[in-house]
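Below is one structure, written out as structure tokens, with a few remarks after it.
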Amino acid sequence: MTMERSTSITLRPARPSDIDGIASLVNGYAAEAIMLYRSPDSVRMTLHDFVVAVGPDGSVMACGALKEYSPSLAEVASVAVARDAHGLGLGTAIVAEVEKLARKRGVDELFALTLTPKFFESAGYIVGDRALYPEKIRRDCLKCPRRIRCNEYCVVRPVQEAIAVAA
Ligand SMILES: CC(C)(COP(=O)(O)OP(=O)(O)OC[C@H]1O[C@@H](n2cnc3c(N)ncnc32)[C@H](O)[C@@H]1OP(=O)(O)O)[C@@H](O)C(=O)NCCC(=O)NCCS
């Protein structure tokens, strides 16, 4: 991380005490239609899929999750960084933690749907075609209010490539 505050920020798997902080961070962006809404209960049920960056006071400054669709395919989901911590490398660090989790679980391929493809491109992803991910379309897109006029980009990365770069 490139930030002076980095020494006081901890990246780790999410804990029950992070649930409200994660929901609040994600839902601040959901209110602006930048992200999908997550209830605290839905975060609780998938807490083992979340990673967080917490400040010295334990507050959630950033989060991200691995959303599995099959043993080999998963989405990098719910990536969010608190506004006052943008541009410091936290988003990139969260994506790298989600990739580590993917590697541990044996996932081969990662994708994300995003309004900010440049952020993912800087983390090594390439713009792809969401039609290649019918699992995502079935699970989320069909019930999304934006499905007809969706302006999100699909970005893709093989997990092996992420590991090779990190090594
Ligand atoms: C997108 C987001 C996660 C980026 O987090 P961040 O910690 O500010 O990103 P980083 O500091 O790690 O930036 C890494 C790179 O992405 C670029 N980047 C970050 N946000 C960007 C944006 N909104 N548009 C274009 N590029 C962006 C940075 O310029 C940087 O580029 P560089 O490697 O060439 O220097 C953060 O702005 C955010 O939480 N946005 C709202 C939620 C959201 O859009 N989530 C995206 C996934 S759904």
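No gaps in the numbering here: position 11 of the sequence shown is 10 in numbering that gives the first Met the number 0, and each next residue is one more. We put the beta carbon where it would ideally sit given N, CA and C, even for glycine.
- Message: Between LEU169 and ligand 1, is there a pair consisting of the residue's CB and a ligand heavy atom that are separated by less than 7 angstroms?
- Response: The structure shown does not extend to residue 169, since the chain spans only 0 to 166, so no value can be given for it.
- Message: So, for VAL158: in the same chain, excluding its five sequence neighbours on each side, which residues have a beta-carbon less than 8 angstroms away from its beta-carbon?
- Response: GLU98, ALA101, ARG102, VAL106, ASP107, GLU108 and LEU109
- Cα separation between PRO133 and GLY57? 38 angstroms
- Can LEU114 be considered in contact with ligand 1, in the sense that its beta carbon sits closer than 7 angstroms to one or more heavy atoms? yes
- Note down, in chain order, each residue of its chain lying with its Cβ closer than 6 angstroms to the Cβ of VAL42, except the 5 sequence neighbours on either side. ILE18, ILE21 and ALA22
- Task: Could you tell me which residues DSSP pairs with GLU108 in its beta bridges?
- Result: LEU72 and PRO157
- Every unbroken alpha helix (DSSP H) within the segment 8 to 73, with a cutoff of 4 residues, ordered by chain: 18 to 29 and 39 to 44
- Query: Heavy atom of ligand 1 less than 7 angstroms from the Cβ of SER121, yes or no?
  - Reply: Correct: SER121 has its Cβ closer than 7 angstroms to ligand 1.
- Please work out which residues of its chain come closer than 6 angstroms, Cβ to Cβ, to SER7, disregarding the five sequence neighbours upstream and downstream, and give them in chain order. If we look at SER7 and ignore the five residues flanking it on each side, its Cβ neighbours are PRO55.
- In angstroms with no decimal places, state the Cα-to-Cα distance between MET0 and SER69. Low local confidence applies: a pLDDT of 48 at MET0 is under 50, so the model's placement there is unreliable, and no value is given.
- Message: Measuring straight from C-alpha to C-alpha, what distance separates VAL94 and GLY63?
- Response: Between the C-alpha atoms of VAL94 and GLY63 there is a straight-line separation of about 7 angstroms.
- Message: Taking the alpha-carbon of THR113 as reference, which of ARG82, ALA92, GLY27 and GLU74 has the nearest alpha-carbon?
- Response: When only C-alpha atoms are compared, the closest one is GLU74.
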